[in-house]
Amino acid sequence: MPETKAIANTGLSSPTVRFAPSPNGLLHVGHARSAFLNWRFARDHGGAFLLRIEDIDTTRARPEFDAAIREDLAWLGLDWSGPVRRQAEHFSDYEAALSELRRLDLLYPAFLSRNEAADRVRQAESSGETWPRDPDGAPHYPGDDRNLTEPQRTRRMAEGKPYAWRLDMKKALDCLQEPLTWEEFGAGPQGKAGRIAADPAAWGDVVLARRDVPASYHLAVAVDDAIQGITDVIRGEDLFAATAVHRLLQLLLGLPEPRYRHHGLVLDADGRKLSKSDGATSIASLRLKGASPSDIMAMAGLLPES
Ligand code: GLU
Numbered sequence: 004m005p006e007t008k009a010i011a012n013t014g015l016s017s018p019t020v021r022f023a024p025s026p027n028g029l030l031h032v033g034h035a036r037s038a039f040l041n042w043r044f045a046r047d048h049g050g051a052f053l054l055r056i057e058d059i060d061t062t063r064a065r066p067e068f069d070a071a072i073r074e075d076l077a078w079l080g081l082d083w084s085g086p087v088r089r090q091a092e093h094f095s096d097y098e099a100a101l102s103e104l105r106r107l108d109l110l111y112p113a114f115l116s117r118n119e120a121a122d123r124v125r126q127a128e129s130s131g132e133t134w135p136r137d138p139d140g141a142p143h144y145p146g147d148d149r150n151l152t153e154p155q156r157t158r159r160m161a162e163g164k165p166y167a168w169r170l171d172m173k174k175a176l177d178c179l180q181e182p183l184t185w186e187e188f189g190a191g192p193q194g195k196a197g198r199i200a201a202d203p204a205a206w207g208d209v210v211l212a213r214r215d216v217p218a219s220y221h222l223a224v225a226v227d228d229a230i231q232g233i234t235d236v237i238r239g240e241d242l243f244a245a246t247a248v249h250r251l252l253q254l255l256l257g258l259p260e261p262r263y264r265h266h267g268l269v270l271d272a273d274g275r276k277l278s279k280s281d282g283a284t285s286i287a288s289l290r291l292k293g294a295s296p297s298d299i300m301a302m303a304g305l306l307p308e309s
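So this is what it looks like as structure tokens:
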């Protein structure tokens with residue numbers, strides 16, 4: 004467990020929060036909202052606001068976006084504590100977690116390519132089967148190779164067939180002693196704070212590592228939140244359902260449980276969530292057009308302070 008220090012008179016322990024963008028584009032107004040809510044929470048509770056650069060996908064991460072993230076945050080006045088954690092510098096931490104899950108026999112090498120998996124789903128659906136989809140709308144992995152014997156796995160891996168490590172969701176759920184939940188401390192998309200029933204099965208056999216990227220978002224976030232001693236995860240409600248997977252990994256790996264607050268997203272004029280590919284709402288371009296940090300906060304729905 005990370006050490007928490009008591010704040011005099013309040014009885015509350017001091018929180019550690021983080022802002023964890025991926026450096027694959029410029030930050031937009033929605034990121035400013037998330038970063039500010041974290042920063043303010045740390046300020047109001049005498050805690051620490053940390054910065055983590057989620058760059059495990061080295062094919063998409065760019066150093067110029069990493070630099071732009073730091074510049075935008077500094078310009079907005081959202082100063083962070085301590086060294087920045089860049090995930091690409093910590094692959095050995097994710098590999099250790101992966102080995103532990105393998106030791107527990109909860110992973111399998113999944114050999115179907117994206118196209119092969121999509122074909123299997125199409126075939127099943129065209130013969131009238133209802134194929135399960137995850138909360139993001141992606142079909143579950145078919146899992147044909149879940150039941151390969153150890154010699155069959157070893158042979159295929161030795162033949163050089165590409166594979167990803169997937170969590171055997173059914174086996175993982177069998178390890179749980181009690182229903183899986185998390186503590187939501189904001190209203191969240193469900194409208195009230197409290198314990199939320201987690202449904203990791205909704206995601207199917209999630210990928211935890213690929214050959215070219217030796218950790219997935221889910222694995223890295225669970226490991227990093229523990230290593231950085233994050234007590235309160237404040238992030239957009241688009242990650243609400245993914246929290247079920249993070250809680251499951253925390254339990255399997257014996258990691259501490261943070262609290263969660265999933266805040267509302269900033270939407271564009273058509274009611275869609277902002278995207279990094281739409282340069283118009285990037286903080287950098289708004290700054291160039293003369294916007295001030297408080298203009299950005301107002302656009303993020305945070306002024307007057309909400
Ligand atoms: N890296 C994720 C993103 O940029 C955020 C991860 C998280 O807050 O858990 O959307």
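Here the sequence shown stands for residues 4 to 309, numbered as in the numbering used here.
We treat Cβ as the ideally placed atom computed from N, Cα and C, and that holds for glycine.
Going by beta carbon distance, what residues of the same chain come within less than 6 Å of residue i, once the five residues before and after it are set aside?
{"i": "THR13", "result": "With a pLDDT of only 41 at THR13, under 50, the local geometry of the prediction cannot be trusted, and no value is derived from it."}
{"i": "LYS164", "result": "PHE114"}
{"i": "ALA23", "result": "ARG55, GLU57"}
{"i": "PRO142", "result": "VAL124, TRP134, ARG136"}
{"i": "ASP148", "result": "ALA113, PHE114"}
Looking at C-alpha atoms only, which residue of the options is the closest neighbour of residue i?
{"i": "SER25", "options": "LEU40, VAL87, THR19", "result": "VAL87"}
{"i": "GLY266", "options": "GLU240, GLN253, SER278, LEU252", "result": "Reading the sequence as shown, one finds His at residue 266 and not Gly. Cα-wise, what sits closest to HIS266 is GLU240."}
{"i": "SER95", "options": "ALA38, ALA218, LEU256", "result": "ALA218"}
{"i": "ALA201", "options": "SER295, PRO138, ALA167", "result": "PRO138"}
{"i": "GLN193", "options": "LEU254, LEU242, ARG105, ARG290", "result": "LEU242"}
{"i": "ARG264", "options": "LYS279, ILE199, ILE286, ALA225", "result": "ILE199"}
{"i": "ASN118", "options": "SER288, TYR97, LEU251, TYR144", "result": "TYR144"}
{"i": "TRP42", "options": "ARG156, GLU128, ASP82", "result": "ASP82"}
{"i": "SER280", "options": "LEU30, ALA244, THR19", "result": "LEU30"}
{"i": "ALA285", "options": "PHE68, ASP47, ILE59", "result": "Before going on, a small fix: residue 285 reads as Ser here, not Ala. Of PHE68, ASP47, ILE59, the residue nearest in Cα terms is PHE68."}
{"i": "GLU103", "options": "LEU306, VAL226, GLY293", "result": "VAL226"}
Is it buried or exposed for residue i, if we count other Cβ within 10 angstroms and need 16 for buried?
{"i": "PRO5", "result": "For PRO5, the predicted structure reports a pLDDT of 37, less than 50, and the residue's modelled location is therefore unreliable. A value from the coordinates is still provided. So PRO5 ends up on the exposed side."}
{"i": "GLY131", "result": "exposed"}
{"i": "ARG169", "result": "buried"}
{"i": "MET300", "result": "buried"}
{"i": "GLN312", "result": "Outside the shown range of the chain, which is 4 to 309, sits residue 312, and nothing can be said about it."}
{"i": "GLY153", "result": "Before going on, a small fix: residue 153 reads as Glu here, not Gly. The residue in question, GLU153, is exposed, as its Cβ has fewer than 16 Cβ neighbours within 10 Å."}
{"i": "ALA100", "result": "buried"}
{"i": "LEU270", "result": "exposed"}
{"i": "MET160", "result": "exposed"}
Measuring from the CB of residue i, is there a heavy atom of ligand 1 at a distance below 8 Å?
{"i": "LEU242", "result": "yes"}
{"i": "GLY189", "result": "no"}
{"i": "VAL236", "result": "yes"}
{"i": "SER17", "result": "no"}
{"i": "TYR166", "result": "no"}
{"i": "GLU181", "result": "no"}
{"i": "VAL224", "result": "yes"}
{"i": "LEU97", "result": "This sequence places Tyr at residue 97; Leu is not what is there. TYR97 Cβ: outside cutoff for every heavy atom of ligand 1."}
{"i": "ALA120", "result": "no"}
{"i": "SER84", "result": "no"}
DSSP three-state label for residue i, please.
{"i": "ILE230", "result": "helix"}
{"i": "PHE52", "result": "strand"}
{"i": "SER130", "result": "coil"}
{"i": "ALA167", "result": "strand"}
{"i": "ASP139", "result": "coil"}
{"i": "ILE1", "result": "What the structure shows of the chain is the stretch from 4 to 309, and residue 1 is not part of that stretch, so it cannot be assessed."}
{"i": "ASN12", "result": "At ASN12 the pLDDT is 40, less than 50, meaning the model places this residue with poor confidence; the figure from the coordinates comes in the next sentence. DSSP places ASN12 in coil when its eight states are reduced to three."}
{"i": "LEU305", "result": "coil"}
{"i": "TRP83", "result": "coil"}
{"i": "GLU260", "result": "coil"}
{"i": "LEU211", "result": "strand"}
{"i": "ARG117", "result": "helix"}
{"i": "ARG63", "result": "coil"}
{"i": "LYS195", "result": "coil"}
{"i": "LEU291", "result": "helix"}
Less than 7 Å between C-beta atoms, sequence neighbours within five positions excluded: which residues of the same chain meet that for residue i?
{"i": "LEU40", "result": "ILE237, HIS266"}
{"i": "CYS178", "result": "LEU255"}
Give a yes or no on whether the minimum CB-CB distance between residue i and chain D is below 9 Å.
{"i": "LEU81", "result": "Checking the listed chains, one finds no chain D in this structure; it contains a single protein chain."}
Near residue i, what residues of its chain come up, given a Cβ to Cβ distance below 8 Å and the 5 sequence neighbours on each side ignored?
{"i": "LYS174", "result": "ASP108, LEU109"}
{"i": "PHE188", "result": "ALA196, ASP235, ARG262, TYR263, ARG264"}
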